[in-house]
Amino acid sequence: MDIDRALNILKENGYKYTGKREKMVNIFQEQERYLTAKECFDLMQVEYPGISFDTVYRNLSLFETLGIIETTEWDGERRYRFHCNRDLHHHHLICTKCGRTQMIKVCPMHAMFGKPENFQITGHKFEIYGICAECG
354 MDIDRALNIL KENGYKYTGK REKMVNIFQE QERYLTAKEC FDLMQVEYPG
404 ISFDTVYRNL SLFETLGIIE TTEWDGERRY RFHCNRDLHH HHLICTKCGR
454 TQMIKVCPMH AMFGKPENFQ ITGHKFEIYG ICAECG
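Quick note on my numbering: the sequence shown kicks off at 354 and runs consecutively.
If you want it as structure tokens, here you go:
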């Protein structure tokens, strides 16, 4: 995902292009990692000191619904990042200290199951959590 694509998705779906939404999209582009809603809120307050947490949260929810961002959860907290390439099936190693990800090039699902009989898989999610070399 990039900024232009994210803003086009908003426009294509009838949502207004606002400075706050553009700033949120820029934050995800710049950070290149999973962020909590609180981290996003704190980064938004630099430019928009009066912004409410509800505004940030509503836009995170909208971005998730539109496929602009993807989510995961660890330590009981939901985290958000720019959605990866939609056309390339892959999974991630996720650093639980900095939130950065590394793509896993092979789908573990295929290695574990192959193609199950009498069952059509419509989706799955596979993530490995740990500490990256920079944080370790």
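Glycine residues also receive a C-beta, built at the ideal position from the N, C-alpha and C atoms.
Assumed close pair R432, E426 - CB separation to whole angstroms, cut-off 8 angstroms | 7 angstroms
In chain order, what residues of the same chain lie with their CB nearer than 7 angstroms to the CB of H445, ignoring the 5 residues before and after it?
-> T454, Q455, M456, I457 and E480
Would DSSP call Y387 helix, strand or coil?
-> coil
Count the other CB atoms, across all protein chains shown, that sit within 10 Å of the CB of R411; report buried if there are 16 or more and exposed otherwise.
-> That one is exposed.
Could you tell me how far apart the beta carbons of I422 and L413 are, in whole angstroms, since I believe they sit closer than 8 angstroms?
-> The Cβ separation is near 7 angstroms, so the contact holds.
At which residues does the beta strand (DSSP E) containing H445 begin and terminate?
-> H444 to C448
Round the Cβ separation of C448 and C393 to the nearest angstrom and send it over; I've been treating them as touching at under 8 angstroms.
-> Wrong, their Cβ atoms sit about 18 angstroms apart, outside the cutoff.
Could you check what DSSP says for I362 in three-state terms: helix, strand or coil?
-> Helix at I362.
Roughly how many angstroms lie between the CA atoms of G452 and A464, to the nearest whole one?
-> 26 angstroms
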